[in-house]
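If you read the sequence shown in the working numbering, its first letter stands for residue 53, the second for the next number, and so on.
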Amino acid sequence: MKFGQWLGFFCLLVSLYVLWAIRQLLLLIFTAVIFATAFNRIVFFLQRFGIKRNLAIALTLISSFILATLFFVSIVPPFIEQFQNLIALLPVVWETIREQLTNLKQQQLQLDWLPPLPTQADLIAQLQPFGTVLFRNFFAFFSNS
53 MKFGQWLGFF CLLVSLYVLW AIRQLLLLIF TAVIFATAFN RIVFFLQRFG
103 IKRNLAIALT LISSFILATL FFVSIVPPFI EQFQNLIALL PVVWETIREQ
153 LTNLKQQQLQ LDWLPPLPTQ ADLIAQLQPF GTVLFRNFFA FFSNS
């Protein structure tokens, strides 16, 4: 790749990083634009019936607030009830998991012909050569292009 292509690729990566860093702000702005567009259409619809703009805006905001309140009033109580049921079931689930793990350990003792699971030190020892090969191939890929 030529220098200009590398520079363009680097600028693309930097711009993607910046967009990722401000993604929450972009989502808020996008949501605000959607709401503003929807409210504006409702206001224009009400103005066609002869309602003044200020009153149409007030009606739109009040009705949207009432709809949001009704939504939360109808959704939140069942959610709280289900969450309390979940909390009540956690000890039973925890005990079931403990029993299953105990049974699994007893079954594993019966299968002593299987090799033991690797320890953390074994995994780290296997990871070092893999990392070396990966880095070497990464460097070779970018030095050849």
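Each residue gets a CB set at the ideal place from its N, CA and C atoms; glycine is no exception.
| Asked | Found |
| --- | --- |
| Count the other CB atoms, across all protein chains shown, that sit within 10 Å of the CB of A108; report buried if there are 16 or more and exposed otherwise. | buried |
| Locate the alpha helix (DSSP H) running through T89, then write down its first and last residues. | 75-100 |
| Assign V95 to buried or exposed, taking buried as 16 or more other Cβ atoms, counted over all protein chains shown, within 10 Å of its Cβ. | buried |
| Going straight from the alpha carbon of D174 to that of P168, what length do you get? | 11 Å |
| With DSSP collapsed to three states, give me the class of I114. | helix |
| Under 9 Å between the Cβ atoms of T121 and F91? | no |
| Nearest-angstrom Cα distance between F123 and F117? | 10 Å |
| Can you tell me whether DSSP reads T148 as helix, strand or coil? | helix |
| Between R105 and Q99, which are expected to be in contact by the criterion C-beta below 8 Å, what is the C-beta distance as a whole number of angstroms? | 6 Å |
| Residues in the same chain with beta-carbon distance under 8 Å from V125, minus the five sequence neighbours each way, listed in chain order, please. | none |
| What would DSSP say about K104, mapped onto helix, strand or coil? | coil |
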